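In the UniProt record's numbering, the protein residues as written are 1 to 281. Step one of this worksheet: look at the structure below.
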Amino acid sequence: MTLGVLSTSKPKPANINEAVQKARDAFNRGVTKPIEWRRQQLKNLLRMYKENYNAMVDVLQKDLRRSKTEAILLEPSKGIVNILDDVVIFNDPYGVVLIIGAWNYPLQLLLLPVSGAIAAGNAVIMKPSELAPATAKFIAETVPKYLDNDAIAVVEGGPEETTELLKNRFDYIFYTGGTNVGKIVYAAATKYLTPVTLELGGKSPVYIDNTVDMEVTTKRILWGKFVNVGQTCIAPDYILCTKEVQNKFIEHAKKILKEWYGEDPQKSPDLCRIITSRHFR
1 MTLGVLSTSK PKPANINEAV QKARDAFNRG VTKPIEWRRQ QLKNLLRMYK ENYNAMVDVL
61 QKDLRRSKTE AILLEPSKGI VNILDDVVIF NDPYGVVLII GAWNYPLQLL LLPVSGAIAA
121 GNAVIMKPSE LAPATAKFIA ETVPKYLDND AIAVVEGGPE ETTELLKNRF DYIFYTGGTN
181 VGKIVYAAAT KYLTPVTLEL GGKSPVYIDN TVDMEVTTKR ILWGKFVNVG QTCIAPDYIL
241 CTKEVQNKFI EHAKKILKEW YGEDPQKSPD LCRIITSRHF R
């Protein structure tokens, strides 16, 4: 018994890379975003099916020795086995969800995803950040008093406990935090092809031109940077401006910060603190 194999010329690596780059360039130019483009491409795909129906049946016969009847039944057209079907979407819970919270908003960034997971009907294992120990202790002691102890649990601890957690099979993982740990979480999830949501923050530059109200602008930027002392993923990271604007900003900033936090900010009850010395840089 011999198998017929269609001869194909293998693409060179350079051609492969070129094709990938070409697709990425098209996406970056916004080619694929207009609704009309998407609609037209789908119409073209449908037209391809209609115009090449017999050719599709032929290649299926060559590759799989599939009979015409079976080819028609299974592909490329909608077969008689499902011709009367409608599409129905059932929203079922994933199962057991692991939620790993962050230290900068140790209540919100843990309990909000937890509420969503519960609302969707999932069981939940929550891991508060060890860098906010008082909050972690509060969650570990308080949650069991209010929520189902069989379906919902709190695991305290640091890297060792998190590593042990990630050895288990979960049906969904939701992680908020830094990129380095995010990579570890994602790598652990690949073992079971577990779907993952990683909220890893970003960068927030600020641009100031010479037409702004400098008093208002400075207050807004400083508020964004000093609320939670900048330990927020959308806090301003840096300012783009001319030297002249920079000098004006610094002048206003000194005055405003003194108004907010006094002569000695360390003694101000309104100024938050950096979570650890390692994060202070």
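The beta carbon of each residue, even a glycine, is placed where N, CA and C say it ideally should be. Remember, predicted model here, so these are calculated numbers, not experimental data.
Would you report the Cα separation of residue i and residue j, rounded to the nearest angstrom?
i: Ser204; j: Asp237; result: 5 Å
i: Glu18; j: Ser268; result: 58 Å
i: Asn247; j: Asn91; result: 56 Å
i: Ser129; j: Arg220; result: 30 Å
i: Leu198; j: Gly182; result: 7 Å
i: Thr142; j: Thr162; result: 21 Å
i: Gly262; j: Asn168; result: 50 Å
i: Thr217; j: Thr211; result: 11 Å
i: Glu156; j: Ile184; result: 18 Å
i: Gly116; j: Tyr192; result: 23 Å
i: Phe174; j: Pro113; result: 8 Å
i: Glu51; j: Lys62; result: 19 Å
i: Val5; j: Leu42; result: Note on Val5: pLDDT 41, under 50, position unreliable in the model; the coordinate value appears next. Cα to Cα, Val5 sits roughly 30 Å from Leu42.
i: Gly202; j: Val227; result: 17 Å
i: Asn122; j: Thr190; result: 21 Å
i: Pro265; j: Lys254; result: 12 Å
i: Met48; j: Arg66; result: 21 Å
i: Asn149; j: Ala134; result: 21 Å
i: Tyr146; j: Leu200; result: 30 Å
i: Ala132; j: Lys243; result: 40 Å
If you compare alpha carbons, which of the options is closest to residue i?
i: Glu164; options: Leu98, Leu147 and Ile35; result: Leu98
i: Trp103; options: Val143, Glu70, Lys137 and Thr211; result: Lys137
i: Ile139; options: Pro195, Thr32, Met48 and Ile100; result: Ile100
i: Cys241; options: Lys255, Val206 and Val124; result: Val206
i: Tyr105; options: Ser67, Arg65, Ile234 and Gln61; result: Ile234
i: His279; options: Pro93, Glu244, Leu46 and Gly178; result: Gly178
i: Val229; options: Trp260, His252, Asp209 and Ala120; result: Trp260
i: Trp223; options: Asp209, Val196 and Ile256; result: Ile256
i: Val96; options: Phe170, Lys68, Ile208 and Asp209; result: Phe170
i: Tyr172; options: Glu215, Asp58, Ile125 and Leu147; result: Ile125
i: Asp213; options: Asn54, Asp86 and Val245; result: Val245
i: Thr276; options: Ile152, Gln231 and Asn44; result: Gln231
Residues bridged to residue i by DSSP?
i: Pro128; result: DSSP, once it has assigned bridges, lists no residue as partnering Pro128.
i: Leu198; result: Tyr175
i: Val154; result: Met126
- What are the start and end residues of each continuous beta strand (DSSP E) run of 3 or more residues lying completely inside the region 65-117, in chain order? Under the rule that a run must span 3 or more residues, the beta strand (DSSP E) segments found entirely inside the region 65-117 read 96-100.
Segments of 3+ residues assigned as beta strand (DSSP E) that fall wholly inside the region 182-253: Complete beta strand (DSSP E) runs here, min 3: 196-199, 205-207 and 238-240.
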